[in-house]
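Let me begin by presenting the structure, written as structure tokens, before commenting on it.
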Amino acid sequence: MDDYIVMPKIKRMMMLAVLSLVFVAVGIFILSLSINEQFEGTLPAIIGGLSIAVFGLCFIYYIYVLIKREPALIISKEGIIDQSSYIAAGLVKWNEIEAIDFIHFSGQIYLGIFTFDRELIINRSSGVKRVLNVMNKGLLESQVNIPVKNLECSIDELVEAINQRWENAITTEG
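My numbering applies: residue 1 is where the sequence shown begins, and numbers increase by one.
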């Protein structure tokens, strides 16, 4: 059975890049007002600096995704390869997956992958990605969370591709 490859939605990535750039501009504006003493205290300068740093990195990431044009998700006979975000899990093998479900969080639908080892993804990551994965674990119970809105496929197609390959992997294994 061939791999099921899902690309990221280009228009959505472009929109997120533009929004990131807007927040960088807002951060620059707040920081410049703070430097010119339009605001009292250091909090506005901190907010402006953090906005520039965080959304600047987001902008760079989305531009990278747009230029790179690699799949966001690959469903193969080995498992699910998540490349959908900066903290993407990479390959999660079928025998590591306990359950897969759709999770509604903060107005979005996520493909949630629950692994037998709750620390699997955190243990595979390091540095900033590890910190972000720990924070992600605090938000949702699933170990891998893929925003369905960012994928260039329907939920039905995604479910069918996962079910076929997962079932095939289970029957081949057993």
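Just so it is clear, CB atoms sit at the ideal spot from N, CA and C, and this is done for glycine as well.
Residue i at chain C interface by Cβ criterion, 8 angstroms
| i | result |
| --- | --- |
| L16 | The chain labelled as chain C is not found in the depicted structure, where only one protein chain is given. |
Distance, residue j Cα to residue i Cα
| i | j | result |
| --- | --- | --- |
| L111 | E40 | 44 angstroms |
| T192 | V6 | Past the edges of the chain, shown from 1 to 174, lies residue 192, and the structure says nothing about it. |
| I80 | K137 | 19 angstroms |
| V22 | F105 | 24 angstroms |
| G90 | I75 | 11 angstroms |
| G56 | L140 | 26 angstroms |
| V128 | V18 | 24 angstroms |
| I103 | V148 | 10 angstroms |
| D117 | S32 | 47 angstroms |
Environment of residue i [buried if 16+ CB atoms lie within 10 Å]
| i | result |
| --- | --- |
| A169 | buried |
| G27 | buried |
| V159 | exposed |
| A53 | exposed |
| I46 | exposed |
| V134 | exposed |
| F59 | buried |
| V92 | buried |
| I155 | exposed |
| I30 | buried |
Other residues of its chain near residue i: CB distance less than 6 angstroms, five sequence neighbours each side excluded
| i | result |
| --- | --- |
| A99 | F114 |
As assigned by DSSP and simplified to three states, the class of residue i
| i | result |
| --- | --- |
| K11 | helix |
| E157 | helix |
| E96 | helix |
| G90 | strand |
| Q108 | strand |
| P147 | strand |
Cβ neighbours of residue i in the same chain (closer than 7 angstroms, five flanking residues each side left out)
| i | result |
| --- | --- |
| I146 | L73, D82, S84, Y110 and L111 |
| L120 | E96 and Q143 |
| I122 | R130, N133, V134 and K137 |
| C153 | V6 |
Residues of its chain near residue i, where Cβ-Cβ distance is below 8 angstroms and the 5 sequence neighbours each way are ignored
| i | result |
| --- | --- |
| V65 | P8 and M13 |
| I63 | A17 |
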